[in-house]
Each structure stands twice: as C-alpha cells, then as structure tokens.
Amino acid sequence: MGLTYARIMVFVLGASLMTTSVANPQWQYGFNYSDGGNRHGFNRPKYDDPPRKIVVGGSNNWQFGINYFKWALNNGPFFVNDTLVFKYNPPSENNTHPHSVYLLPNLWSFMRCDMSRGKMIANTTQGSGDGFEFVLKFQPHYFACGASNGFHCNNGTMKFFIMPMLRL
C-alpha cells in the first residue's frame, strides 16, 4: 500500500511539474496557451532564434540563498542546445562554503537530494571566471549543489530541474 501510494505521488508530482513547465505565454500550442488545434488557421510557432547562453541565477550567479526552482520557472522556456552557465566563487579564506554542480539521474534523487546517484559535472573550482557550461539535451535535467554534504540542496533552494523543448 505504501509503495503504491508513493508511486502515485511521484506520478502526480511529475505530471504537475510538467504541466507547470509548459504553462508559459510563449508556449503557443498544446493545452495551455492555445486554441486546442488547427482551428482558425493556427500554425505551429517557429523558433528560429539561435541557442542561448543562460547564466544560472542571472546576475546573482550560483550562490546560496537564491531559489533556483523559482528562477527556472521565471526564465523558461529552455530549449534543446541552450547552454546553462554556472558561475560561482572558488574556495578561499572568504568563501568557506564553496559550491559544486551535480546532475541527478531522476526525480526521486532530486526530491531526496541523493548525491550518491548523481554525477558531479562541475567541482568547486570550475565555476570561477567564465563559469562552467552545460548544453541541454532533450531529456529532463535535475541540477543540485552537492556542497556541505547536500545541505545547499536539502534546504530546497540550490536545486532546479529543466525539461528542454524542441525548436520546431
């Protein structure tokens, strides 16, 4: 019973997150901002814009205290081949809580901040200077900070996920 309930909750959460990710005024077809089909001469939008370079966190960069889940919702949609740039300060005397970037394999690891199943894609020094770049593919991406034994992730702010859309 408990396992079935957990699976249902994960499914409902996943469906809710997917619905939220496409509920964007720039999303011009489907069930959210659309007329529901090919009525009234509706044509699919063409995204001719080249891939973007997006600094995670904007001018705040990748740092503790910013809600990156909210940042991702406000800065979408994200498309395949867009590049995320993670910028953060390297460890120093003034920076006693350095950051890293982990790519987690699934929603369950993301929800639990399970870094043991994740892959470190940027260590504590790779975010300095121009930052670490990550090119988005057509799959869900679950990002988290693995610093301080996962505390930055576990407090709920230094983690976010993206499901990039195709440019049609």
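In terms of mature numbering (1 follows the signal peptide of the UniProt record, and there is no 0), the sequence shown is residues -23 to -1, 1 to 145. Every residue gets a Cβ at the ideal spot worked out from N, C-alpha and C, and that includes glycine.
Where does residue i sit, in a helix, a strand or coil, going by DSSP?
i, result
"F46", "helix"
"H118", "strand"
"A99", "strand"
"F128", "helix"
"F19", "Model confidence at F19 stands at a pLDDT of 48, short of 50, so the residue's coordinates are unreliable and nothing is read from them."
"A140", "This sequence places Met at residue 140; Ala is not what is there. Three-state result, M140: coil."
"V112", "strand"
"L33", "The question names Leu, yet the displayed sequence has Val at residue 33. The answer is coil: DSSP assigns V33 none of H, G, I, E or B."
"M(-15)", "helix"
"L51", "In the sequence on display, residue 51 carries Asn and not Leu. Looking at N51 - three-state DSSP - the assignment turns out to be helix."
Would you say residue i and residue j are within 8 Å of each other, going by their C-beta atoms?
i, j, result
"F55", "P117", "no"
"H76", "W39", "yes"
"N58", "L145", "no"
Using DSSP's beta-bridge definition, name the partner residues of residue i.
i, result
"F56", "M142"
At least 3 beta-carbon pairs within less than 8 Å: the stretch 99 to 107 vs the stretch 43 to 54: No, they do not touch.
The stretch 86 to 101 touching the stretch 119 to 135, judged by at least three CB pairs closer than 8 Å: As far as the Cβ criterion goes, the stretch 86 to 101 touches the stretch 119 to 135, which means the pair count is three or higher.
Length at least 3, wholly inside the stretch 59 to 94: the beta strand (DSSP E) runs in chain order: Listed in chain order, the complete beta strand (DSSP E) runs (minimum 3 residues) inside the stretch 59 to 94 are 60 to 63 and 78 to 81.
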